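Trainee:
Numbering (full-length UniProt numbering), first residue to last: 1 to 245.
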């Protein structure tokens, strides 16, 4: 039987949930649930998929040069007691180029690959958007379709960031220093290590996704910041969407 071609556009509405720390290194955890849009576009250059919005400028089964974006949500960071009196942390938008190298699979949807992204980061707080530096997250990625139609993705690798990015989260300016929170200036360098697993499946007009991420901050260049309470963080989330058309 001949397979139907994939639709170029799909759209719908859903709900997503997140549970995680106020920031990497924080012991304060919060949950966040909100409606989310479901949009899939499969164009000749730009597309959206499980890795976010991507633009393909070079794409073969062995190598990809893309432009990618990612979003992180930081709900209610103003309630963090360790940061009392300091500026609130905003959610962030990341964008930049990425090189992907296929290592074992017939294409990037199966097997091992290497992802080498470099993204500029914009903080989206109550005021104007603010550029807060650059992040690089080289990752070893494994993708596999498993029994029942589920798709599994695992990725792991180190994180590196600019001094401006570390300043945003871990610097304590002299005017914010307290007896138990001394002044501290963060520098660029190693940002820790991530290991993440995600599971997703499409059921007719519904799409389900779940993910879990562990972050290790041992040996980071900001470990001595008074804002770092722990070297270990776990974050989890889910999304359920109804595909309308």
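Backbone N, C-alpha and C fix where the C-beta goes; we use that ideal spot for every residue, glycine too.
Predicted, not measured: the structure shown is a model, and the values here were computed from it.
1. Assuming contact is defined by CB atoms lying nearer than 8 Å, are residue 168 and residue 132 in contact in what I supplied?
2. Within 10 Å of its beta-carbon, does residue 79 have 16 or more other beta-carbons around it, so buried, or fewer, so exposed?
3. Rounded to whole angstroms, what's the CA-CA distance from residue 21 to residue 228? Just pull it up for me.
4. Report all residues from its chain with a CB closer than 6 Å to the CB of residue 153; omit the five preceding and five following residues, and keep chain order.
5. What does the alpha-carbon distance come out to for the pair residue 4 and residue 10?
6. So what's residue 103 in DSSP terms, helix, strand or just coil?
7. Is the distance from the Cβ of residue 8 to the Cβ of residue 215 below 8 Å?
8. DSSP state of residue 211, grouped into three classes?
9. From residue 28 to residue 157, what distance separates their C-alpha atoms?
10. So, for residue 36: in the same chain, excluding its five sequence neighbours on each side, which residues have a beta-carbon less than 8 Å away from its beta-carbon?
11. Identify every residue that forms a DSSP beta bridge with residue 178.
Mentor: Checking against the coordinates, here is how it stands:
1. Position 168 of the chain shown, counted from the first residue, corresponds to residue 168. Position 132 of the chain shown, counted from the first residue, corresponds to residue 132. Yes, they are a contact pair.
2. Counting from one through the chain shown, the residue named residue 79 turns up at place 79. Looking at its Cβ environment, which holds fewer than 16 other Cβ atoms inside 10 Å, residue 79 is exposed.
3. Reading the chain shown from its first residue, position 21 is the one you call residue 21. Reading the chain shown from its first residue, position 228 is the one you call residue 228. Going from the Cα of residue 21 to the Cα of residue 228 covers about 11 Å.
4. Start at 1 with the first residue of the chain shown, and residue 153 comes out as number 153. Excluding positions up to five away in sequence, the list reads 143 and 198.
5. Here the question's residue 4 lines up with position 4 in the chain shown. Here the question's residue 10 lines up with position 10 in the chain shown. Only weak support exists for where residue 4 lies, its pLDDT of 49 falling under 50; the coordinates are left without a value.
6. What you label residue 103 is simply residue 103 of the chain shown in a count that begins at 1. Here residue 103 sits in coil by DSSP.
7. Residue numbering aside, residue 8 sits at position 8 when the chain shown is read from its first letter. Residue numbering aside, residue 215 sits at position 215 when the chain shown is read from its first letter. In this structure, residue 215 does not lie closer than 8 Å to residue 8 by Cβ.
8. To locate residue 211, count along the chain shown from 1; it is residue 211. The answer is strand: DSSP assigns residue 211 an E or B state.
9. Along the chain shown, read from residue 1 onward, the residue named residue 28 stands at position 28. Along the chain shown, read from residue 1 onward, the residue named residue 157 stands at position 157. So the two alpha carbons sit approximately 24 Å from each other.
10. As a working mapping, residue 36 is identified with position 36 in the chain shown. If we look at residue 36 and ignore the five residues flanking it on each side, its Cβ neighbours are 13, 14, 15, 16, 239 and 241.
11. Translated into the one-based positions of the chain shown, residue 178 becomes position 178. Residue 178 is bridged to 181.
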